[in-house]
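Peer 1: Residue numbers for the sequence shown follow this note's numbering, beginning at 52 and rising by one.
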Amino acid sequence: MKIDAKLMQRIFFFLMGAATIVIVLPVVIIFLIILINGIQAITPEFIFSLPRQGMRAGGIFPAIIGTLYLTLGTAVFSLPLGILAAIYLTEYSSENWLRRLVEIAIINLAGVPSIVYGLFGLGLFVLFLNLGASILAGSLTLSIMTLPVIITASKEALNAVPKSFREVSYSLGASRWQTVSRIVIPNAIPGIMTGTILGLSRAAGETAPILFTVAAFYLPTLPRSVFDQVMALPYHIFVLSTQVPGVTPKIQYGTILVLVSLVFILNISAALIRARFRKRKLW
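#1: Going by beta carbon distance, what residues of the same chain come within less than 6 Å of L310, once the five residues before and after it are set aside?
#2: By the DSSP assignment, the alpha helix (DSSP H) with P95 in it spans what residues?
#3: Is P296 helix, strand or coil when you go by DSSP?
#4: Contact between the region 238-248 and the region 321-331: three or more CB pairs below 8 Å?
#5: Count the C-beta pairs between the region 281-300 and the region 115-132 that are closer than 8 Å, then say yes if the count reaches three, no if not.
#6: Quick check on V231: does DSSP put it in helix, strand or coil?
#7: Count the other CB atoms, across all protein chains shown, that sit within 10 Å of the CB of E257; report buried if there are 16 or more and exposed otherwise.
#8: List, from N- to C-terminal side, the alpha helix (DSSP H) runs of 4 residues or more that fit wholly inside the region 110-151.
#9: How would you label Q303, buried or exposed, when you count the other beta carbons within 10 angstroms and need 16 or more for buried?
#10: Let me check understanding here. Comparing Cα to Cα, which of G133, I201, I195 lies closest to F171?
#11: Would G250 and I201 be called neighbours here (beta carbons separated by less than 8 Å)?
#12: Could you please give the first and the last residue of the uninterrupted alpha helix (DSSP H) stretch that includes N88?
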């Protein structure tokens with residue numbers, strides 16, 4: 052029995068739409084639960100004041116600042132290294148067993164549990180290099196964790212630029228670096244921004260790596276240097292939810308809402324930048 056092609060098309064469209072709803076609906080429900088329960092806690096005092104009474108009063112301003120510092124530190128260390136590594140692997144390295152081995156290692160590192168990175172950061176940065184539990188140690192640990200994501204996404208973006216662009220540039224007498232810097236990278240920036248978004252968003256929401264390297268639950272002061280500990284929203288949420296009795300649920304949900312909002316703002320800002328660069332693409 053031959054099935055009509057249009058019927059098959061409708062069936063597949065229906066299945067794809069159903070799969071999309073199954074994926075999106077739980078996310079929407081979770082966000083609405085967080086919003087409904089957390090919006091009551093969002094006040095200027097909650098956002099901009101220092102904590103008091105062991106986090107049973109006051110606000111979460113140090114945790115917000117700490118999260119921003121860690122995200123910025125992660126970007127400072129991971130973005131240059133990740134993008135340069137992707138450029139080298141894509142544009143300069145030869146196709147041989149060593150390159151394939153490095154690429155396999157990068158893919159495998161992207162799947163390593165975050166707790167392993169936390170223990171690695173504890174052993175290397177906190178103890179061996181004697182940085183202590185600090186913003187510097189936490190940023191370096193998060194940078195190592197996000198590097199595989201940034202490298203992989205940047206490689207895909209660079210490979211997506213048509214080879215004909217490179218060939219035309221070479222035919223006009225441009226060097227390899229001139230071709231890479233003026234032709235390839237500008238056209239790959241939207242894809243590179245995607246990798247940056249994924250990596251930094253993951254870093255902003257991670258708990259395990261900062262648990263061992265930087266995070267403190269109650270610090271009613273702001274950090275003065277990169278060698279200070281900081282409060283961070285992910286670790287703060289974890290402790291509020293599991294180890295502090297008598298905390299009202301609206302404070303827990305309010306803190307979660309702030310973290311989700313920060314990640315959302317980060318994604319929206321990067322998406323706008325990516326869209327602006329995408330308009331300049333030549334294909």
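Note that CB positions come from ideal geometry on N, CA and C, so glycine has one too. Given the structure is predicted, the values throughout are model-derived calculations rather than measurements.
Peer 2: Quick look at the numbers:
#1: So the list reads L284, once near-sequence residues are dropped.
#2: First-last of the alpha helix (DSSP H) with P95: 95-99.
#3: DSSP places P296 in coil when its eight states are reduced to three.
#4: They touch, by the three-pair rule.
#5: Result yes; three or more Cβ-Cβ pairs closer than 8 Å.
#6: Here V231 sits in helix by DSSP.
#7: Buried.
#8: If we require 4 residues or more, the alpha helix (DSSP H) runs fully inside the region 110-151 come out as 112-138.
#9: That one is buried.
#10: Of the candidates G133, I201, I195, the one whose C-alpha sits nearest the C-alpha of F171 is I195.
#11: In contact: G250 and I201 (Cβ atoms closer than 8 Å).
#12: N88 -> alpha helix (DSSP H) spans 56-89.
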